[in-house]
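> Dropping the structure in here first, questions after.
In the numbering used here, the protein residues as written are 25 to 226.
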């Protein structure tokens, strides 16, 4: 038996990814402190935040019949978690650090309803060497301003990536394989809009 699905995120990129698999639901706003805990690993960090956001959304709705989906993404270089840049200088510093190196992008996904489940997507992204003029031009495009690590794989930032090992959608912010798996376990069928009566009767 499926339940009503809500999204504990407003990210247009994540909603776009969900629409790819036929899922577009109501958003429930949440406010969660995203400060990393002492000695917390990046993997523990993204799972904790995704679960906290899903729990907060479920609590805000006040109904047990609701199921809430949440996600959190971190760009990690070594042990450093790179968040969204506060300004141009911070974005330039992040991009210089990523230039010519391989980093990880971790995305935690959580579903909270009758049960709680989480999944983790781990991806490795390699950047080519970036020139100072490219970094300046990229900031001027406006794309880095709301992106973890100061770049977006789905936009102009794709030009910097020489190699990707893992999930494109996971780097974008919502790994569709893991997300679909969680939804199906909760009785929510992502492909429903494209399933015909003929398909069901086969």
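The beta-carbon is built from N, C-alpha and C at its ideal position, and this holds for glycine as well.
Does residue 177 come out as helix, strand or coil in the three-state DSSP assignment?
The answer is coil: DSSP assigns residue 177 none of H, G, I, E or B.
> Tell me which residue opens and which closes the beta strand (DSSP E) that residue 135 is part of.
Taken as a continuous stretch (DSSP letters only), the beta strand (DSSP E) holding residue 135 covers 126-136.
> Can you tell me whether residue 211 is buried or exposed? The criterion is at least 16 other CB atoms within 10 Å of its CB, across all chains shown.
Classification of residue 211: exposed, given that the 10 Å Cβ count is below 16.
> Over what stretch of residues does the beta strand (DSSP E) that includes residue 101 continue unbroken?
First-last of the beta strand (DSSP E) with residue 101: 90-101.
> Quick one, which of 132, 101 and 130 has its alpha-carbon nearest residue 117's?
Checking every option, the nearest Cα to that of residue 117 belongs to 101.
> Expressed to the nearest angstrom, what Euclidean distance is found between the alpha-carbon atoms of residue 66 and residue 129?
Roughly 10 angstroms separates the two Cα atoms.
> Are residue 95 and residue 173 close, meaning C-beta to C-beta below 8 angstroms?
Contact: no.
> With distances taken between CB atoms, is the gap from residue 151 to residue 169 smaller than 8 angstroms?
Cβ distance not < 8 angstroms, so residue 151 and residue 169 don't count as in contact.
> Quick one: residues in its chain with C-beta nearer than 6 angstroms to the C-beta of residue 26, no 5 flanking neighbours on either side, listed in chain order?
Caution is warranted here: a pLDDT of 48 is assigned to residue 26, below 50, making its placement in the model unreliable, and no coordinate value can be reported.
> Can you name the residues that DSSP bridges to residue 64?
Bridge partners of residue 64: none, in fact.
> In this structure, does DSSP put residue 219 in helix, strand or coil?
With a pLDDT of only 47 at residue 219, under the threshold of 50, the placement of this residue in the model should not be trusted; the figure read from the coordinates follows. Correct three-state label for residue 219: coil.
> Based on the DSSP output, what are the partners of residue 187 in its beta bridges?
Note: residue 187 sits in a beta bridge opposite 150.
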